[in-house]
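Read left to right, the sequence shown gives residues 29 to 329 (my numbering).
Written out below as structure tokens is the structure these notes cover.
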Amino acid sequence: MLSGLVIVDKPQGWTSHDVVGRVRRLAGTRKVGHAGTLDPMATGVLVVGVNRATRLLSYIVGTSKTYTATIRLGQGTVTDDAEGEVVSETIAAAVTEEQIREGAARLTGEILQVPSSVSAIKIAGQRSYARVRAGESVELEARPITVHSFEIHDIRRERGGRLLDVDATIRCSSGTYIRALARDLGVDLGVGGHLTALRRTQVGPYRIEAAHTLEELAEDLEILPLAEAARALLPARELSPEEAIELSFGRRIAPSGRDDVTAAFGPDGSLVALLKDAGPAARPELVFAAQGGDAKGEQPT
């Protein structure tokens, strides 16, 4: 059974669900999912799991991400991006490059962020964006995020200097909303702001250089093999033949000596299981090379 990751360069205008649907058709299987939604406006890295590799997706979702973005200062929108109606406009001509860099610095590190009201966060079982579109006023709670870096590359004056377009690269934790950073930078500078362009260039270890367009994938479905994908994502542990057999039955083995999850590989290089130390032993979190069904209820594949 074909299993692995497809690193897609998502096109603008497509939803992440649209991309999953296309990969399902190309791979000939229903068991396909993605690791971290990209808005339709955004382009770039969307990690898609096929068959058994869908089990890796929960470990990929929590990794850091890198984006290139363009932020327009001087306008605020209802959606905090270019797809929403402009709700405020303030001349940004007096804003200096130094002020913009200082504002970006204030949004770097461990901060609290209020997500955009049109995010996919659920409130009482309903998506926030659905409530906004139904005319409700939505206020989401601030949540902790980490912005590892917020680098400003270029600042351009538009419409006679009334608006400023700022190009930036942002590396951040999972759960960060880049359009909310654009909004907050504008608020901090007193002129409002919104996101006009967004491209994700990295998700965990998976970079844009390894991504393929949907047109390329239609010609040749490039799949990163399961074992190779796991080696890039997690610390590796090489197993003895005896350890590989024990894990394939869902049994515990000697500890790895690490606090985090480890990918365990058999002597043939195949991914046997994901492990985590639990006291005097390492227990399998997930078993991929199961014998007779593993401890998680998996059937052999």
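Positions of the beta carbon are idealized from the N, C-alpha and C atoms, including for glycine.
Original post:
At what residues does the beta strand (DSSP E) containing His-222 begin and finish?
Top reply: 221 to 231
Original post:
Between Arg-83 and the ligand MN, is the CB less than 7 Å from at least one heavy atom?
Top reply: For the structure depicted, the ligand MN is absent and the ligand set is empty, with no information on it obtainable.
**OP:** List the DSSP bridge partners of Asp-195.
**Re:** Thr-98, Asp-182
Original post:
Do the CB positions of Thr-91 and Lys-59 come within less than 8 Å of each other?
Top reply: no
Subject >> Where the alpha helix (DSSP H) through Ile-128 begins and ends >> reply: 125 to 134
Original post:
Nearest CA to the CA of Gly-297: which residue from Ser-268, Pro-308, Gly-220, Phe-178?
Top reply: Ser-268
Original post:
So, helix, strand or coil for Arg-280, using DSSP?
Top reply: coil
Subject >> Validate contact between the region 228 to 244 and the region 89 to 105 using beta carbons, cut 8 Å, 3 pairs >> reply: yes
Subject >> Proximity below 8 Å, CB of Ser-276 to CB of Ala-239 >> reply: no
**OP:** Below 8 Å on the Cβ atoms is my guess for Ala-257 versus Leu-54; work out the distance and round it to an integer in Å.
**Re:** That pair is no contact at about 18 Å.
Subject >> Distance, Ala-63 Cα to Asp-37 Cα >> reply: 13 Å
**OP:** Could you check how far apart the C-beta atoms of Leu-191 and Arg-100 are, in whole angstroms? I think they sit under 8 Å.
**Re:** 6 Å
Subject >> DSSP three-state assignment for Val-289, whether helix, strand or coil >> reply: coil
Subject >> Euclidean distance between Cα positions of Glu-326 and Gly-220 >> reply: Unreliable placement is indicated for Glu-326, whose pLDDT of 40 sits below 50; the coordinate value is still reported in the next sentence. Approximately 51 Å between the Cα atoms of the pair.
Original post:
What is the rounded straight-line gap between the Cα of Ala-255 and the Cα of Ala-264?
Top reply: 10 Å
**OP:** To the nearest angstrom, report how far apart Leu-217 and Ile-198 are at their CA atoms.
**Re:** 18 Å
**OP:** List the DSSP bridge partners of Pro-312.
**Re:** Leu-303
Original post:
By the 10 Å Cβ neighbour count, where 16 or more other Cβ atoms means buried, how is Ser-177 classified, buried or exposed?
Top reply: exposed
Original post:
Helix, strand or coil: how does DSSP classify Arg-211 here?
Top reply: helix
Original post:
If you compare alpha carbons, which of His-45, Val-194, Ser-284, Gly-188 is closest to Asp-131?
Top reply: Per the sequence shown, the amino acid found at residue 131 is Gly instead of Asp. When each option's Cα is compared against that of Gly-131, the closest is Val-194.
**OP:** State whether the region 106 to 118 contacts the region 286 to 306, with contact taken as three or more CB pairs (one from each stretch) at a distance under 8 Å.
**Re:** no
Original post:
Among Asp-67, Met-29, Gly-32, Arg-311, which has the Cα closest to the Cα of Val-47?
Top reply: Asp-67
**OP:** State buried or exposed for His-45, treating a residue as buried only when at least 16 other CB atoms are found within 10 Å of its CB.
**Re:** exposed
Original post:
Do Thr-71 and Gln-103 have their C-beta atoms closer together than 8 Å?
Top reply: no
Subject >> Three-way DSSP call (helix, strand, coil) for Arg-190 in this model >> reply: coil
Subject >> Residue range of the unbroken alpha helix (DSSP H) whose run includes Ile-251 >> reply: Taken as a continuous stretch (DSSP letters only), Ile-251 belongs to no alpha helix (DSSP H), as it is neither H nor E.
Subject >> alpha helix (DSSP H) segment containing Ala-55, residue limits >> reply: 44 to 55
**OP:** Pick helix, strand or coil for Val-89, following the three-state DSSP scheme.
**Re:** helix
**OP:** Have a look at Val-300 and Val-34 and give me their C-alpha separation to the nearest angstrom.
**Re:** 21 Å
**OP:** Hey, could you find the ends of the beta strand (DSSP E) His-62 is sitting in?
**Re:** 60 to 62
Subject >> Where Arg-187 falls, given that 16 or more other Cβ within 10 Å makes a residue buried >> reply: exposed
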